[in-house]
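Asker:
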Amino acid sequence: MSGVAKTKGPGDDVPVSGDLVALSGVNKHFGALHVLQDIDLTIARGEVVVVIGPSGSGKSTLCRTINRLETIDSGAISIDGKPLPQEGRELARLRADVGMVFQSFNLFAHKTVLENVMLGQLKVRRTEKKAAEEKARALLDRVGVGSQCDKYPAQLSGGQQQRVAIARALAMDPKVILFDEPTSALDPEMINEVLEVMQQLARDGMTMVVVTHEMGFARSAANRVVFMADGRIVEEAAPEEFFSNPRSDRAKDFLSKIL
Ligand code: ADP
Ligand code: MG
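So that you can map any letter, position 130 of the sequence shown is 130 in full-length UniProt numbering, and since no number is skipped, the others follow by simple counting.
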């Protein structure tokens, strides 16, 4: 499957062309556990794919293979047409094109908010310091935490920290951002402020893979829902189709528990 068309949203004026991420025949084991089984998945430029499924189904591992935080046993992954190498400088370059936002924020505790967003630009992109700072301030403004630049992560709320983490990912000008349960560690009142930033990114045409239990977000922002169970992609469909008419028993059972 290639060039999946965007189905809705103001991001429609962003051109969609070709697969940005492609996994074909990907398998991965953890010892005896076959955690990813024959995964075929393509993500088009500008597409928002929401990945859902029961705990332990392999969603995080899938994300981690896409930026090579995990190796794969067989199959192939390519980013923007280039095969993902197993190591070396080319891997570092490709990995920098893949942003990642984790459930646990993963900010550097001993760096300020501003420094957190500058660091990758300085070390990986070799951006000049003044330009990196300007970009960091602009991105922090964009996610609504521009007034927190000089604070340390622990001085911020969870929702603010996660928005800093999104700004940090954006600072690398990634081609795609992977979000692994970005709101699962947040107090309920902070979930929306993070989802709104993600909604805006989706509307701006960012290519996104989002593992989440937030079905409202899936309905309103996703072009496609991918349902995983036991290391397999069991079903994928447009959100309206998936939620109103899930085909597999696994998906029906899952939805009946969460909706
Ligand atoms: P999900 O994100 O869908 O909850 P994960 O990808 O985190 O699922 O995990 C899938 C399965 O792989 C689980 O059974 C988990 O315990 C196992 N697993 C994940 N990471 C490791 C690891 N580093 N070593 C061994 N088993 C792991
Ligand atoms: Mg997970």
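Idealized CB from N, CA, C, for every residue including glycine.
Give the residues whose C-beta lies closer than 5 Å to at least one heavy atom of the ligand ADP, in chain order.
Answerer: Phe30, Val35, Ser55, Gly56, Ser57, Gly58, Lys59, Ser60, Thr61
Asker: Of the residues Val21, Ile39, Ile72, Gly158, which one's Cα is nearest the Cα of glycine 31?
Answerer: Ile72
Asker: Under DSSP, the alpha helix (DSSP H) around glycine 159 begins and ends at which residues?
Answerer: 158–170
Asker: Glycine 58 to methionine 228, Cα distance in whole Å?
Answerer: 7 Å
Asker: For a test of the three-state rule: what should DSSP assign to glutamine 37, helix, strand or coil?
Answerer: Strand.
Asker: Taking a contact to mean a Cβ-Cβ separation below 9 Å, would you say glutamine 121 touches alanine 136 in this structure?
Answerer: yes
Asker: In whole angstroms, what is the alpha-carbon distance linking phenylalanine 105 and alanine 167?
Answerer: 11 Å
Asker: Applying the 10 Å Cβ sphere with the 16-neighbour rule, what's the burial state of lysine 257?
Answerer: With fewer than 16 other Cβ atoms within 10 Å, it is exposed.
Asker: Taking the straight line between their C-alpha atoms, what separation do you get for threonine 212 and valine 124?
Answerer: Straight through space, the alpha carbons of valine 124 and threonine 212 are spaced by roughly 29 Å.
Asker: When we look at the beta-carbon of alanine 221 and count the other beta-carbons within 10 Å, is it buried (16 or more) or exposed?
Answerer: Result: buried.
Asker: Just tell me which of Ile39, Ala22, Ser60 has its CA closest to the CA of glycine 81.
Answerer: Ala22
Asker: Can you find a heavy atom of the ligand MG that lies under 8 Å from the Cβ of glutamate 181?
Answerer: yes
Asker: Apply the 10 Å Cβ neighbour rule to glutamine 148 and answer buried if 16 or more other Cβ atoms are within range, or exposed otherwise.
Answerer: With 16 or more other Cβ atoms inside 10 Å of its own Cβ, glutamine 148 counts as buried.
Asker: Excluding the five sequence neighbours on either side, which residues of its own chain have a C-beta within less than 8 Å of the C-beta of valine 164, listed in chain order?
Answerer: Phe105, Leu107, Val113, Asn116, Val117, Leu140, Val143, Val145, Gln148, Pro153, Leu156
Asker: Which class does asparagine 27 belong to by DSSP, given the choice of helix, strand or coil?
Answerer: strand
Asker: Should arginine 250 go down as buried or exposed, given a rule of 16 or more other Cβ atoms within 10 Å for buried?
Answerer: buried
Asker: What three-state label does DSSP hand valine 42 in the structure shown?
Answerer: Reading off the sequence, residue 42 comes out as threonine, not valine. Strand, per DSSP.
Asker: Can you grab the Cα-Cα spacing for the pair leucine 91 / proline 85, in whole Å?
Answerer: 5 Å
Asker: Apply the 10 Å Cβ neighbour rule to aspartate 173 and answer buried if 16 or more other Cβ atoms are within range, or exposed otherwise.
Answerer: exposed
Asker: Let me check one thing: in DSSP terms, what residues is proline 83 bridge-paired to?
Answerer: Proline 83 is bridged by DSSP to Ser78.
Asker: Quick one, which of Leu94, Glu240, Gly75, Leu186 has its alpha-carbon nearest glycine 158's?
Answerer: Leu186
Asker: Should valine 211 be listed as close to the ligand MG, given that the test is whether its C-beta is under 8 Å from any heavy atom?
Answerer: yes
Asker: In whole angstroms, what is the alpha-carbon distance linking leucine 33 and aspartate 230?
Answerer: 10 Å
Asker: Excluding the 5 residues preceding and the 5 following serine 248 in the sequence, name in chain order all residues of the same chain whose CB lies nearer than 6 Å to its CB.
Answerer: These residues qualify, in order along the chain: Val234, Glu235.
Asker: Just how far apart, CA to CA, sit proline 239 and arginine 219?
Answerer: 5 Å
Asker: Using the three-state DSSP reduction, which class does serine 216 fall into: helix, strand or coil?
Answerer: It is glycine, not serine, that sits at residue 216 in the sequence shown. Three-state DSSP puts glycine 216 in a helix.
Asker: Work out the CA separation of histidine 29 and glycine 88 for me, nearest whole Å.
Answerer: 23 Å
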